[in-house]
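Numbering (full-length UniProt numbering), first residue to last: 1 to 146. Every residue, glycine too, gets a C-beta built ideally from N, C-alpha and C. These numbers come from a predicted model, not from an experiment. Reading through the structure tokens given below for one structure.
So this is what it looks like as structure tokens:
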């Protein structure tokens with residue numbers, strides 16, 4: 001029973017984190033890639049158009065994948081990269097807990113990273129890679145008994 005609760009908790013966590021990232025990505029998309037790139041350029045980010053496209057892709061497409069449980073480690077790393085970028089480009093001067101501080105961004109980035117590497121069994125990753133895990137497990141068992 002505890003395993004089932006862990007899986008549901010991971011799913012709920014994935015949904016909650018994805019909703020926040022998705023909302024920010026949708027906002028950037030609605031403003032336009034050029035406007036987002038201009039904002040990033042104003043913040044001093046290198047390759048602002050590439051950064052804008054990457055951020056929008058992670059926040060929108062990554063969030064859809066995160067809810068579905070697809071490519072979880074990749075999306076988790078993407079969330080961490082976007083979060084660290086936001087911390088250093090926007091929030092760092094405000095401190096951890098000041099107005100506009102980086103505490104929420106830090107928590108979202110690290111939670112996305114952590115859940116990305118342990119997204120639970122209610123995920124497409126678990127479904128798609130179950131055979132591979134079973135095969136690797138039987139190979140290990142064979143090697144141990146030989």
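Query raised in the report: Which of the three DSSP states, helix, strand or coil, is assigned to residue 39?
Result: helix
Query raised in the report: Nearest-angstrom Cα distance between residue 59 and residue 144?
Result: 43 Å
Query raised in the report: Around the Cβ of residue 36, are there at least 16 other Cβ atoms within 10 angstroms (buried) or fewer (exposed)?
Result: buried
Query - Cβ separation of residue 123 and residue 76, assumed to be a contact under 8 Å, to the nearest whole Å - result: The pair is not a contact, with the Cβ atoms about 12 Å apart (cut-off 8 Å).
Report task. Name the residue from 81, 89, 110 and 1 whose alpha carbon lies nearest to the alpha carbon of residue 39. Result -> 89
**Report entry** N- and C-terminal bounds of the alpha helix (DSSP H) containing residue 170
**Finding:** With the chain running from 1 to 146 in the structure shown, residue 170 is simply not present.
Requested in this report: Give the DSSP-derived three-state secondary structure of residue 118 in the structure shown.
Outcome: coil
Query raised in the report: Would you say residue 84 and residue 14 are within 8 Å of each other, going by their C-beta atoms?
Result: no
Requested in this report: Could you tell me whether the segment 111-118 touches the segment 6-21, using the rule of 3 or more Cβ pairs below 8 Å?
Outcome: yes
Query raised in the report: So, is residue 34 buried or exposed, given that buried needs 16 or more other C-beta atoms within 10 angstroms?
Result: exposed
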